[in-house]
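Report on the structure given below.
Protein chains: 2
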Amino acid sequence: MKIGELARLAGTNVETIRYYERDGLLPIPSRSEGNYRIYGETHVQRLSFIRRCRSLDMTLDEIRVLLHFKESPQENCADVNRLLDRHIGHVAQRMQELQELERQLNDLRERCGEARDAAHCGILDSLSQAIAPSGKTASHVLGAHGHAANRRLAKGYQGNQG
Amino acid sequence: MKIGELARLAGTNVETIRYYERDGLLPIPSRSEGNYRIYGETHVQRLSFIRRCRSLDMTLDEIRVLLHFKESPQENCADVNRLLDRHIGHVAQRMQELQELERQLNDLRERCGEARDAAHCGILDSLSQAIAPSGKTASHVLGAHGHAANRRLAKGYQGNQG
DNA sequence: CTTGACTCTGTAGTCACTCAAGGGTTTCTA
DNA sequence: TAGAAACCCTTGAGTGACTACAGAGTCAAG
Chain A
8 MKIGELARLA
18 GTNVETIRYY
28 ERDGLLPIPS
38 RSEGNYRIYG
48 ETHVQRLSFI
58 RRCRSLDMTL
68 DEIRVLLHFK
78 ESPQENCADV
88 NRLLDRHIGH
98 VAQRMQELQE
108 LERQLNDLRE
118 RCGEARDAAH
128 CGILDSLSQA
138 IAPSGKTASH
148 VLGAHGHAAN
158 RRLAKGYQGN
168 QG
Chain B
8 MKIGELARLA
18 GTNVETIRYY
28 ERDGLLPIPS
38 RSEGNYRIYG
48 ETHVQRLSFI
58 RRCRSLDMTL
68 DEIRVLLHFK
78 ESPQENCADV
88 NRLLDRHIGH
98 VAQRMQELQE
108 LERQLNDLRE
118 RCGEARDAAH
128 CGILDSLSQA
138 IAPSGKTASH
148 VLGAHGHAAN
158 RRLAKGYQGN
168 QG
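Same order as they appear, the protein sequences are chains A and B. So in our numbering the end of the first sequence lands on 169, straight run, no missing numbers. So in our numbering the end of the second sequence lands on 169, straight run, no missing numbers.
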């Protein structure tokens, strides 16, 4: 099958597949006469595995480890357990952070129940003063907006809120 | 004061300040004879405001809106309320996703209580099969576009579903 | 033979920073 | 007063996991 069909079967889009290939997550496929990538059932399996892991918010590096174990069935899978435990820890931690965040935001929201002019907006007022700081992210699980910058915090950035 | 002191006072690091300047969040400061940036109290205020908003996981674009309102005190602050409501919505949604995620991960973890060889690892087994969707498709917008969807939230991007 | 769907490579953009190279300036110390 | 250390400057590249686009080639159907 060609890349479009693989994409449909695995629920990915085409660029992502090529990206995974470049990144070494998918093996380099054979090519047709016209230089099209040709895939088989094993590719569908592997790509689906990757997408399933991604849907659990695992990083590509974590997935790389799992793929390694899938391919070395004789090895002890304690590392798989450890990886998952760590990941569960990340998720739990991020949830706590988000709960605290939600609390602060609702707090903030209550300060300006109805529209007035910005000069008397309780929200802007509060943001202009110090808010009790919450320890910043230390997990790779995405923040409220799910963008990748949060992950930088996961990699050893130790916050600096004094 | 010079950039280093501003950084200390606001609990940021120096590169971040220069980044905010490039990005238009901080006004261009005056310079010393030796071409050093020179800041005053207003810069401390503004930078602290930005960092406080960032600690609430707001995007720089959201913060830009808030800064605008801080500088136009006569305007009605209904937009501030709307912005915050939307942001609270993002956080709430992300929390729900993480709760579902946590459930799935714990599920998964239970399948391999102790270390064996990878060939019989229940975790790898499960990841190799479809995971019961349990209605996640509706809220998680999963499969192909799950994570792009998060990014869309951040910018109001109207998806393409090609 | 053309149209349109699909595919190819390569490059750049996203977000919010962070880091490093290679230099200049200022301040402290001997 | 010399020199070292600490600070600052600009520029450019890197992060994660993609997404988007340009400009070209391939292929099947009408």
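Note that beta-carbon positions come from the ideal geometry of N, C-alpha and C, so glycine has one too.
Pairing residue 51 of chain A with residue 17 of chain A gives a Cβ-Cβ distance under 8 Å. Among the residues of the segment 84-113 of chain A, those with a Cβ less than 8 Å away from any Cβ of chain B are 84, 85, 87, 88, 91, 92, 94, 95, 98, 99, 101, 102, 105, 106, 108, 109, 111, 112 and 113, in the order of the chain. Against chain B, the CB of residue 64 of chain A has a partner CB under 8 Å away; the residue lies at that interface. Residue 69 of chain B is a Cβ neighbour of residue 90 of chain B, given a cutoff of 8 Å. Taking 8 Å as the threshold, the shortest C-beta distance from residue 25 of chain A to chain B does not fall below it. Rounded to whole angstroms, residue 49 of chain B and residue 34 of chain B show a C-alpha spacing of 10 Å. Taken through DSSP and simplified to helix, strand or coil, residue 62 of chain A comes out as helix.
Rounded to the nearest whole angstrom, the CA to CA distance from residue 57 of chain A to residue 128 of chain A is 47 Å. A distance of 8 Å or more separates the beta carbons of residue 115 of chain B and residue 95 of chain B. Residue contact with chain A for residue 10 of chain B: absent (no Cβ-Cβ distance below 8 Å to any residue of chain A). Within the segment 22-68 of chain A, the alpha helix (DSSP H) runs of at least 4 residues that lie entirely inside it are, in chain order, 48-62.
Taking the Cα positions, residue 98 of chain A is about 21 Å away from residue 112 of chain A.
By the beta-carbon neighbour count (other beta carbons within 10 angstroms, threshold 16), residue 38 of chain B is exposed. Taking the beta carbon of residue 115 of chain B as reference, the chain A residues within 7 Å of it are 91, listed in sequence order. Looking from the CA of residue 27 of chain A, the closest CA among A:79, A:103, A:106 and A:66 belongs to A:66. Distance check between residue 9 of chain A and each of A:19, A:44 and A:30 places A:44 closest, using alpha-carbon atoms only.
Taking residue 54 of chain B as the centre and dropping the five residues before and after it, the same chain places the C-beta of 17 closer than 6 Å to its C-beta, in chain order. Rounded to whole angstroms, the Cβ separation of residue 74 of chain B and residue 102 of chain A is 30 Å, and the two are not in contact under 8 Å. In the displayed model, residue 82 of chain B falls within coil according to three-state DSSP, outside both helix and strand.
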